[in-house]
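Heads up: the sequence shown begins at 10 in my numbering, then just goes up one per residue. The beta carbon of each residue, even a glycine, is placed where N, CA and C say it ideally should be. Report on the following structure.
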Amino acid sequence: MESNGFLHLEQLNLWGCTMLKEIEITQEVGRAPKYSCFPNLVTVTIDYCGFLDLSWLVHIPKLQELNIGGCDSMEKIIGDGFAPEELVASGLFSCLKRLNISNLPNLTSICERTLPFPQLKSLGIFNCPRLGKLPLDSNSAR
């Protein structure tokens, strides 16, 4: 997907994409940073998508609602391939108001790094038995 992406997309729903492994964000030389490829996307819902790598979520600066469910093979939502300063610079989860994750039996981590979730109002976790900790910092969800 090129970085000029989906400029007006506000909601993305992926359902039953069991063979989908990755959404790759590419950028042409001289174009705007990758972080602007989904400038208006506010809601992402992913259901029954198997082993999908969701690290592309760092490219969604205005994400307000994230719903993930039924992805049996998913172990991590945001992978380990990001330096702490890169995650902070991306504004990852800085606008997130609602996070709902359910039926992810192999999920061990949302994100390895502790991050601020300054706008978080609602957190729902159901049937994620291997999830050991949440990446919330001390100022999150006040």
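Cβ shell of residue i (< 6 Å), same chain only, five flanking positions each side left out
i: Ile55; result: Leu23 and Ile77
i: Ile32; result: Trp65
i: Cys26; result: Cys58
i: Leu152; result: Only positions 10 to 151 of the chain appear in the structure, and residue 152 is not among them; the question remains open.
i: Gly133; result: Asn109
i: Thr117; result: Glu84 and Arg139
CB-CB length for residue i against residue j, believed under 8 Å
i: Leu143; j: Ile119; result: 6 Å
i: Leu105; j: Leu129; result: 6 Å
i: Arg154; j: Ser131; result: Because the chain here runs from 10 to 151, residue 154 falls outside it and cannot be looked at.
Proximity test, residue i beta-carbon vs the ligand MG heavy atom, cut-off 7 Å
i: Ile110; result: Ligands in the displayed structure: none, and consequently the ligand MG is not present.
Sheet register partners of residue i (DSSP bridge)
i: Leu75; result: Val53 and Leu108
i: Leu113; result: DSSP lists no partner for Leu113.
i: Ile87; result: Cys120
Under the three-state DSSP convention, the category residue i falls into
i: Ser64; result: helix
i: Cys120; result: strand
i: Glu31; result: strand
i: Gln128; result: coil
i: Phe135; result: strand
i: Leu23; result: strand
i: Leu101; result: coil
i: Leu143; result: coil
Spatial neighbours of residue i in its chain, beta-carbon cut-off 8 Å, leaving aside the 5 residues before and after
i: Met28; result: Gly59
i: Ile86; result: Leu63, Leu66, Ile77, Ile110, Leu116, Ser118, Ile119 and Cys120
i: Ile69; result: Phe47, Leu50 and Val53
i: Thr123; result: Pro144, Leu145 and Asp146
i: Gly141; result: Thr117 and Ser118
i: Val38; result: Unreliable placement is indicated for Val38, whose pLDDT of 49 sits below 50; no coordinate value is reported for it.
Local Cβ density within 10 Å of residue i, reported as buried at 16 or more and exposed below that
i: Leu113; result: buried
i: Phe15; result: exposed
i: Phe135; result: exposed
Neighbourhood of residue i by C-beta, 7 Å cutoff - its chain only, sequence neighbours within 5 removed
i: Asp62; result: Lys30, Glu31 and Gly88
i: Gly79; result: Asp56, Tyr57 and Asn112
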